[in-house]
Amino acid sequence: APRFWDYSRLARANAYGEQCAVLGIAVHPADEHNILVVTRRVGGSSAFRTLDDGHSWKAIADDLTRANPQLDLACAAAHPLLPNVIYLGARGGQRVFVSADGGATWPLQRDPGGRVTRLIVDRNSGADWHTATLYAATSSGVATSVDGGDTWTMAAIGEVTSLVVYMPIAGPRKFYAGVYGK
189 APRFWDYSRL
199 ARANAYGEQC
209 AVLGIAVHPA
219 DEHNILVVTR
229 RVGGSSAFRT
239 LDDGHSWKAI
249 ADDLTRANPQ
259 LDLACAAAHP
269 LLPNVIYLGA
279 RGGQRVFVSA
289 DGGATWPLQR
299 DPGGRVTRLI
309 VDRNSGADWH
319 TATLYAATSS
329 GVATSVDGGD
339 TWTMAAIGEV
349 TSLVVYMPIA
359 GPRKFYAGVY
369 GK
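Here this note's numbering = 1-based position in the sequence shown + 188.
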């Protein structure tokens, strides 16, 4: 069993002293080997994916950050039933990006109404990513989408910096949010 101090570097750049900050980590709910990370270093942010417990990593946000160098990625999430459906949230640009092909392309960009710091996909989302329920911690509150991110409803007001959801198989969800300045 790996020890918590056994780790792998995300990119060759890290091996040469160009360190980065890991802003978000998401593990696929049904596949512990499928891990997403969002990083920031001098010059921008990026996202990486591994399918083998971190032995190899693939950059998945290069096209996004090349198209918009000011993009400030902050978090990632994975659909619980569809391992290739990935969501990225951005603080800069107020966007949620959706990829249905494991991060190869990012054709969908949605605005949840604020800078995004945390994304959660409801565990009971169906097998169609267009109907997935998403929760986003944003600078304007907790945003909820029941259509895969196409439209958003603001459920709470305030700058939400942290969000977790207790999701039992049956029964109501419980939301816990950290709100800045409240």
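Each residue gets a CB set at the ideal place from its N, CA and C atoms; glycine is no exception.
Whole-angstrom Cβ separation of ALA235 and ILE223, contact assumed at under 8 Å? About 11 Å; that fails the 8 Å criterion.
Among ASP251, THR326, SER287, HIS221, the one whose alpha carbon lies nearest that of THR238: HIS221
Is it buried or exposed for ALA203, if we count other Cβ within 10 angstroms and need 16 for buried? Caution applies to ALA203, whose pLDDT of 48 falls short of 50 and renders its modelled position unreliable; the model cannot decide the point.
What's the C-alpha gap between LYS362 and THR319? 21 Å
Any idea if ASP260 is buried or exposed, counting beta-carbon neighbours within 10 angstroms, 16 or more meaning buried? buried
Residues in its own chain within less than 6 Å of ARG298 by CB, not counting five upstream and five downstream? VAL284, GLY337
For ALA315, the three-state DSSP class (helix, strand or coil): coil
Specify the secondary structure class of ARG254 as computed by DSSP and reduced to three states. helix
Look up CYS263 in the DSSP assignment and say whether it is helix, strand or coil. strand
How far does the beta strand (DSSP E) with LEU276 in it extend, from its first residue to its last? 274–280
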